[in-house]
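See below for the structure under consideration.
Number of protein chains: 2
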Amino acid sequence: MLNTPEDFNRALLALPAADEEARSAARARQATLTKPPGSLGRLEELAIWFAGWHGDARPRLDNALALIFAGNHGVTAQGISPYPPEVTAQMVANFEAGGAAINQLCTIAGAELRVTALDLEKPTGDIATGRALSDEDCLDALNTGMASVEEDAGVVLLGEMGIGNTTIASALAMACFGGEAELWCGAGTGLDADGISHKARIVTQAVAHNAAATNNAFSMLAHLGGREQAALAGAALAARQRRIPVILDGFISCAAVGVLGWAQKGALDHCVAGHRSRESGHSRLLEALALEPIVDLDMRLGEGSGAAVALTILRAALATHNGMASFAEAGVSDRD
Amino acid sequence: MLNTPEDFNRALLALPAADEEARSAARARQATLTKPPGSLGRLEELAIWFAGWHGDARPRLDNALALIFAGNHGVTAQGISPYPPEVTAQMVANFEAGGAAINQLCTIAGAELRVTALDLEKPTGDIATGRALSDEDCLDALNTGMASVEEDAGVVLLGEMGIGNTTIASALAMACFGGEAELWCGAGTGLDADGISHKARIVTQAVAHNAAATNNAFSMLAHLGGREQAALAGAALAARQRRIPVILDGFISCAAVGVLGWAQKGALDHCVAGHRSRESGHSRLLEALALEPIVDLDMRLGEGSGAAVALTILRAALATHNGMASFAEAGVSDRD
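Order-wise, the sequence lines are chains A and B. For the first sequence, my numbering assigns the number 1 to the initial residue and increments by one for each residue that follows. For the second sequence, my numbering assigns the number 1 to the initial residue and increments by one for each residue that follows.
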């Protein structure tokens, strides 16, 4: 529970590390399995990474938890989305009724879905002309995100819903990592070229307007973020404090949680990027955060959809890591 | 059942097409689902492709069948693999005992695994100095592959095992698509640079030696292929004749089945490439066959492992396609 903005910034200075012993033991196990060394590629790396955070050389994956946070944004007044803001609440209802993409993907991937709607009737302030959240509202959202990470979660998937929130993500990414707004702004849910240019102007204005206040992680989220962004950052922090591995979704999730990585080197070591979104800006953001996406399927939906697809790959990684026979067990000749 | 080499070549001229009506209906359905148009990217394309071959706008995926064919190769006498040829039979035993990567991946992906060892005690002829298979032996392997495709299979995954068979794949790819052997030869199970250079010399020699005889699909497989290559090609053909979609594995599977695509335009329309292998040559081959891999995880194991991982993505594609609510059903506002 965070009581002040400083609590959040200080927490980033005291993050636990992975268990190097479990990590090394997992790496050693991989070398004994019946395959040419390294031939499972990313699957091997994922299993070793997961082992380090679980503190177990042969880690089980129980209780995969998909957390989706939804928020509304005052910046929609600037006409930066082709969908009306009511869609946020309508899509939350769709999540609850089981009709959205993320419902089907969680079923396939074996994840429990928890959807948290964050004061949808109270959009944040318009970042083009002011700050998004008061300190108190930002703390509330951070604490909601932190409290959402159930203690027995084996992995946490982080996704979001919020009409207008690619604009928020672009603003956060630009404020953290620099560059022109055009580099961070894409079509979102379906803007045309004129719409993207307009969005870039709004993002430029928002970043300039809030520049003086965005010099630490908390104020970055409070000024240019939103409720779901703060909740995502809080969830990533709480997961790290419990050494729970995290699968990030696309541009918006990475921009929100990326604020931690911007503020503190190594803060995202417990995170993997589930996918590379087609949303322009995501590739640049992945590079800035030194994250290598697991899949690249031209998706750009959000909702945690890319993270859920990536969970199936993590399961494949752990199944091979834990289930394969060694050369000795199988009586297979190793290389000459 | 093929009785003559001509039967095989003629079969390639009479391949059924996908059901365009089901394909169009699936495409139309995608446009109604609660997401921005196109935002599920490759998942949408996979669902539409699958619907076309199943002849059903909302196709179920039952009975996923992973076919792994194993063979031995006389070309191992040329020292082109760091593993001894006995490993082929040992790995088949490992598949049968459930200890290999593909066993774990089939469990995760929900596929039935069928392993067919093809006369492992009779390696093919050394392609560097002769032809791989007699017409009769090649027909036998093609027919075995064709008979392996069970009628009720909803999708077929094609993989292989065979010490030395990246050399075979390189020879087939070079003979079909041209270019220097160096472009098609990689580390396989773990050759060093000298080993790869040696392999490229052997491949050059093999392609030159058999050049006069490799002007049609059957003779290509008989002269430069092997038993598992012919079985893979036969299985791909039988699947096409029954309009069963196919997920190809990596370099070796693509090179074997690629002979069909080389011989007959459109022959691989029912196939997707499960993954991009790290084996050098695979990317070039995918390009030659106009196949876009589903995942790229730096894998290079074979055994159908990349195809099995891709099956999890196909399941995600079908789950969203079949399970999502439409805008109208969910009461979500469509774009302005």
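Just so you know, even glycine gets a beta-carbon here, dropped at the ideal spot from N, CA and C.
Limits of the unbroken alpha helix (DSSP H) element including residue i
{"i": "Ile48(A)", "result": "Arg42 to His54"}
{"i": "Glu6(B)", "result": "Pro5 to Ala11"}
{"i": "Thr204(B)", "result": "Ala193 to His209"}
{"i": "Val246(A)", "result": "That residue, Val246(A), is in no alpha helix (DSSP H); its beta strand (DSSP E) goes Val246 to Leu248."}
{"i": "Ala238(A)", "result": "Arg227 to Gln241"}
{"i": "Leu133(A)", "result": "Where Leu133(A) is concerned, there is no enclosing alpha helix (DSSP H), given that its DSSP letter is neither H nor E."}
{"i": "Leu224(A)", "result": "Ala217 to Leu224"}
Residue i, enclosing beta strand (DSSP E) - first and last residue
{"i": "Val259(A)", "result": "Segment Phe251 to Ala263 is the alpha helix (DSSP H) holding Val259(A); no beta strand (DSSP E) there."}
{"i": "Ile68(B)", "result": "Ala64 to Ala70"}
{"i": "Ala22(B)", "result": "No beta strand (DSSP E) holds Ala22(B); the alpha helix (DSSP H) holding it covers Glu20 to Thr32."}
{"i": "Ala17(B)", "result": "Segment: none, Ala17(B) is in no beta strand (DSSP E) and carries neither H nor E."}
{"i": "Ala273(B)", "result": "Cys271 to Ala273"}
Presumed contact (8 Å Cβ cut-off) between residue i and residue j, rounded CB distance
{"i": "Asn9(B)", "j": "Ala217(B)", "result": "6 Å"}
{"i": "Ala14(A)", "j": "Leu237(A)", "result": "Actually they are not in contact, since the Cβ atoms of Ala14(A) and Leu237(A) sit about 11 Å apart, beyond 8 Å."}
{"i": "Gly302(A)", "j": "Asp269(A)", "result": "Wrong, their Cβ atoms sit about 24 Å apart, outside the cutoff."}
{"i": "Gly71(A)", "j": "Glu279(A)", "result": "No, Gly71(A) and Glu279(A) are not in contact; Cβ-Cβ is about 18 Å, not under 8 Å."}
{"i": "Ala256(A)", "j": "Gly225(A)", "result": "7 Å"}
{"i": "Val295(B)", "j": "Val272(B)", "result": "Contact doesn't hold; Cβ gap of about 11 Å is too wide."}
{"i": "His73(A)", "j": "Arg131(A)", "result": "At roughly 12 Å, the Cβ-Cβ gap does not stay under 8 Å, so His73(A) and Arg131(A) are not in contact."}
{"i": "Arg242(A)", "j": "Val149(A)", "result": "7 Å"}
{"i": "Thr34(A)", "j": "Ala330(A)", "result": "5 Å"}
{"i": "Met299(A)", "j": "Leu40(B)", "result": "6 Å"}
{"i": "Ser333(B)", "j": "Val87(A)", "result": "5 Å"}
{"i": "Thr144(B)", "j": "Thr116(B)", "result": "6 Å"}
{"i": "Met324(B)", "j": "Ala100(A)", "result": "7 Å"}
Member of the options whose CA lies at the smallest distance from the CA of residue i
{"i": "Arg201(B)", "options": "Leu286(B), Asn215(B), Cys185(B) and Asn210(B)", "result": "Cys185(B)"}
{"i": "Cys355(A)", "options": "Thr107(A), Glu287(A) and Val92(A)", "result": "Here chain A covers residues 1 to 336 and nothing more, so residue 355(A) does not appear."}
{"i": "Gly274(B)", "options": "Ala18(B), Leu158(B) and Lys122(B)", "result": "Leu158(B)"}
{"i": "Ile127(A)", "options": "Thr167(A), Arg42(A), Ala31(A) and Leu33(A)", "result": "Thr167(A)"}
{"i": "Ala180(B)", "options": "Leu43(B), Ser170(B), Thr129(B) and Ala70(B)", "result": "One point to set straight first is that residue 180(B) is Glu, not Ala, in the sequence displayed. Glu180(B) has its Cα closest to that of Ser170(B), out of Leu43(B), Ser170(B), Thr129(B) and Ala70(B)."}
{"i": "Glu151(A)", "options": "Leu65(A), Ile80(A) and Asn72(A)", "result": "Leu65(A)"}
{"i": "Val246(A)", "options": "Ala325(A), Gln205(A) and Gly306(A)", "result": "Gly306(A)"}
{"i": "Ala317(A)", "options": "Thr32(A), Ala47(A), Asp137(A) and Ala17(A)", "result": "Ala47(A)"}
{"i": "Ala51(B)", "options": "Gly110(B), Gly164(B), Ala26(B) and Pro84(B)", "result": "Ala26(B)"}
{"i": "Arg335(A)", "options": "Ala193(B), Tyr83(B) and Val203(B)", "result": "Tyr83(B)"}
{"i": "Pro5(A)", "options": "Thr214(A), Arg284(A), Phe177(A) and Gln241(A)", "result": "Thr214(A)"}
{"i": "Gly258(B)", "options": "Ser283(B), Ile244(B) and Arg243(B)", "result": "Ser283(B)"}
{"i": "Thr124(A)", "options": "Leu118(A), Leu133(A) and Ala117(A)", "result": "Leu133(A)"}
{"i": "Thr289(A)", "options": "Gly79(A), Arg276(A) and Ala325(A)", "result": "Inspection of the sequence shows that residue 289(A) is occupied by Leu rather than by Thr. Considering only alpha carbons, the answer is Arg276(A)."}
{"i": "Glu121(B)", "options": "Gly145(B), Ile163(B), Ile80(B) and Leu43(B)", "result": "Ile163(B)"}
{"i": "Asn63(A)", "options": "Met220(A), Thr107(A) and Lys199(A)", "result": "Thr107(A)"}
{"i": "Trp49(B)", "options": "Pro36(B), Ala141(B), Ala22(B) and Leu40(B)", "result": "Ala22(B)"}
{"i": "Glu136(B)", "options": "Gly323(B), Ala325(B), Asn3(B) and Gly41(B)", "result": "Asn3(B)"}
{"i": "Glu112(A)", "options": "Leu118(A), Asp119(A) and Asn103(A)", "result": "Asn103(A)"}
{"i": "Ser81(A)", "options": "Glu182(B), Pro36(B) and Ser81(B)", "result": "Pro36(B)"}
{"i": "Pro59(B)", "options": "Gly154(B), Leu260(B) and Ala267(B)", "result": "Gly154(B)"}
{"i": "Arg315(B)", "options": "Ile68(B), Phe95(B) and Gly110(B)", "result": "Gly110(B)"}
{"i": "Ile252(B)", "options": "Gly55(B), Ile68(B) and Ala31(B)", "result": "Ile68(B)"}
{"i": "Phe327(A)", "options": "Arg42(A), Thr76(A), Gln30(A) and Glu160(A)", "result": "Gln30(A)"}
{"i": "Arg114(B)", "options": "Trp53(B), Gly304(B), Ser333(B) and Gly234(B)", "result": "Gly304(B)"}
{"i": "Val75(B)", "options": "Gly266(B), Thr129(B) and Ala325(B)", "result": "Thr129(B)"}
{"i": "Gly55(A)", "options": "Asp19(A), Ala187(A) and Glu96(A)", "result": "Asp19(A)"}
{"i": "Ala211(A)", "options": "Ser24(A), Asp192(A) and Gly178(A)", "result": "Gly178(A)"}
{"i": "Ala263(A)", "options": "Leu183(A), Met220(A) and Ala57(A)", "result": "Met220(A)"}
{"i": "Glu292(A)", "options": "Ser24(A), Arg42(A) and Pro16(A)", "result": "Arg42(A)"}
{"i": "Gly281(B)", "options": "Glu182(B), Phe95(B), Gly195(B) and Asp194(B)", "result": "Glu182(B)"}
heavy atom of the ligand GTP below 7 Å from residue i C-beta
{"i": "Lys265(A)", "result": "Among the ligands in the structure shown, none appear at all, so the ligand GTP cannot be discussed."}
Fill in: 4 or more residues per run - each alpha helix (DSSP H) lying fully within the region 144 to 191 of chain B
165 to 177 and 181 to 184
Worksheet entry | alpha helix (DSSP H) runs contained entirely in the region 275 to 330 of chain B, provided each spans 4 or more residues | 282 to 288, 305 to 323 and 327 to 330
Discussion item. Beta carbons nearer than 8 Å to chain A: which residues of the region 70 to 89 of chain B have them?
Written reply: Pro82, Tyr83, Pro84, Glu86 and Val87
Discussion item. Please identify, using Cβ separations under 9 Å, the residues of the region 286 to 316 of chain B that lie next to chain A, in order along the chain.
Written reply: Ile294, Val295, Asp296, Leu297, Asp298, Met299, Arg300, Leu301, Gly302, Glu303, Ser305, Ala308, Val309, Thr312, Ile313, Arg315 and Ala316
Practice prompt. Select from the region 106 to 124 of chain A all residues with a C-beta closer than 9 Å to any C-beta belonging to chain B, and list them in chain order.
Written response: Answer set for the region 106 to 124 of chain A: Thr107, Ile108 and Ala109.
Worksheet item: Which full runs of the alpha helix (DSSP H) of 4+ residues lie inside the region 79 to 142 of chain B, going along the chain?
Response: Secondary structure in the region 79 to 142 of chain B: the alpha helix (DSSP H) runs of 4 residues or longer, each lying completely within the stretch, are 86 to 97 and 101 to 109 in chain order.
Item to complete: With 9 Å as the limit, tell me which residues of the region 27 to 43 of chain A have their beta carbon closer than that to any beta carbon of chain B; keep them in chain order.
Response: Residues of the region 27 to 43 of chain A with a Cβ closer than 9 Å to any Cβ of chain B, in chain order: Leu33, Thr34, Lys35, Pro36, Pro37, Gly38, Ser39, Leu40, Gly41, Arg42 and Leu43.
Practice prompt. Could you please tell me which residues of the region 144 to 171 of chain B, in chain order, have their CB closer than 7 Å to any CB of chain A?
Written response: none
Discussion item. Any C-beta of chain B within less than 8 Å: which residues of the region 189 to 211 of chain A qualify?
Written reply: Listed in sequence order: Thr189 and Gly190.
Practice prompt. Report the residues of the region 320 to 333 of chain A with a CB closer than 7 Å to any CB of chain B, ordered along the chain.
Written response: Among the residues of the region 320 to 333 of chain A, those with a Cβ less than 7 Å away from any Cβ of chain B are Thr320, Gly323, Met324, Ala325, Glu329, Ala330, Gly331, Val332 and Ser333, in the order of the chain.
Discussion item. Any C-beta of chain A within less than 7 Å: which residues of the region 256 to 280 of chain B qualify?
Written reply: Arg278
Worksheet item: Closer than 9 Å, Cβ to any Cβ of chain B: which residues of the region 235 to 259 of chain A, in chain order?
Response: none
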